[in-house]
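Just add 26 to wherever you are in the sequence shown, counting from 1, and you've got my numbering.
Report on the following structure.
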Amino acid sequence: HALVDRARRGDAIAFSELVTRHYRRALRVAYGLLKHASDAEDVVQDAFARVHVRLKDFEGTSAFYTWLYRIVVNLCIDTMRRRRREHRVDLENEADRDVLASEEALWPRLDQTHPAENAERRELGRQLQGAFADLPEIHQAVLLLRELEGMSYEEIARTLRIKKGTVMSRLFHARKGMQSKLRALPDLKATSGRSR
27 HALVDRARRG DAIAFSELVT RHYRRALRVA YGLLKHASDA EDVVQDAFAR VHVRLKDFEG
87 TSAFYTWLYR IVVNLCIDTM RRRRREHRVD LENEADRDVL ASEEALWPRL DQTHPAENAE
147 RRELGRQLQG AFADLPEIHQ AVLLLRELEG MSYEEIARTL RIKKGTVMSR LFHARKGMQS
207 KLRALPDLKA TSGRSR
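This is the structure we're talking about:
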């Protein structure tokens with residue numbers, strides 16, 4: 027908390043260090059929810075701007091990163107809801123770039139000597155992303171924080187300001203939703219019985 031305390035007292039270098047330490051993980055959370063690089067960057071920049079303004083209000087009862095993630099997740103949920111209202115259509119080239127970036131995030135070490143397996147993995151990645159995108163925003167947030175960020179139930183509860191039991195319930199429903207979506211996919215059924 028020493029770095030946070032220094033930043034609260036107006037130390038610009040300390041605040042810059044907080045941004046440096048937490049920017050990439052905050053961006054990963056935002057991108058995991060939004061699947062759009064520039065929107066994720068906008069959300070994270072907005073989150074740090076809000077942190078800078080409201081840092082004096084940070085009580086320190088939880089870790090700094092849980093407070094930051096709460097802001098990031100809430101801004102992401104707001105963005106997702108706004109997108110749904112606007113029925114936003116992304117530019118084709120930007121969407122393609124985002125798909126490539128998300129595939130690289132899911133499968134960072136694709137073996138270029140096995141293009142058929144890589145194509146299968148990419149297709150599985152697209153199917154997983156589609157199933158994830160169909161979940162309610164709050165289920166996406168809980169699943170992302172637990173499975174991709176490795177946060178404990180308690181950390182998620184503090185981050186989202188909900189009870190641990192609510193986290194567990196939402197996680198159960200998120201996983202159940204993913205399973206039902208993935209079971210309905212014919213391509214996944216055909217490959218799921220195959221051993222690797």
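For each residue, glycine too, the CB sits at the ideal point set by N, CA and C.
Just so you know, these numbers come straight off a predicted model, no measurement behind them.
Requested in this report: Can you grab the Cα-Cα spacing for the pair Q155 / S88, in whole Å?
Outcome: 31 Å
**Report entry** Range of the contiguous alpha helix (DSSP H) that encloses I182
**Finding:** 179–186
Query - 4 or more residues per run - each alpha helix (DSSP H) lying fully within the region 62–88 - result: 63–80
Requested in this report: Provide the residue span of the alpha helix (DSSP H) that contains E173, from first to last.
Outcome: Segment: none, E173 is in no alpha helix (DSSP H) and carries neither H nor E.
Query raised in the report: What residues in its chain sit with their C-beta under 7 Å from that of E181, if we drop five residues either side in the sequence?
Result: T92
Query raised in the report: Residues in its own chain within less than 7 Å of M194 by CB, not counting five upstream and five downstream?
Result: Y179
Query raised in the report: Residue range of the alpha helix (DSSP H) that R50 falls in?
Result: 38–60
**Report entry** Own chain, CB closer than 8 Å to D160, minus 5 neighbours either side, in chain order
**Finding:** G203, K207
**Report entry** Spatial distance of D83 from Q166 (CA atoms)
**Finding:** 28 Å
Query raised in the report: Got a sec? Which residues, its chain only, sit under 7 Å from L29 by beta carbon, not counting five neighbours each side?
Result: A40, E43, L44
Query raised in the report: Should G36 be labelled buried (16 or more other beta-carbon atoms within 10 Å of its own) or exposed?
Result: exposed
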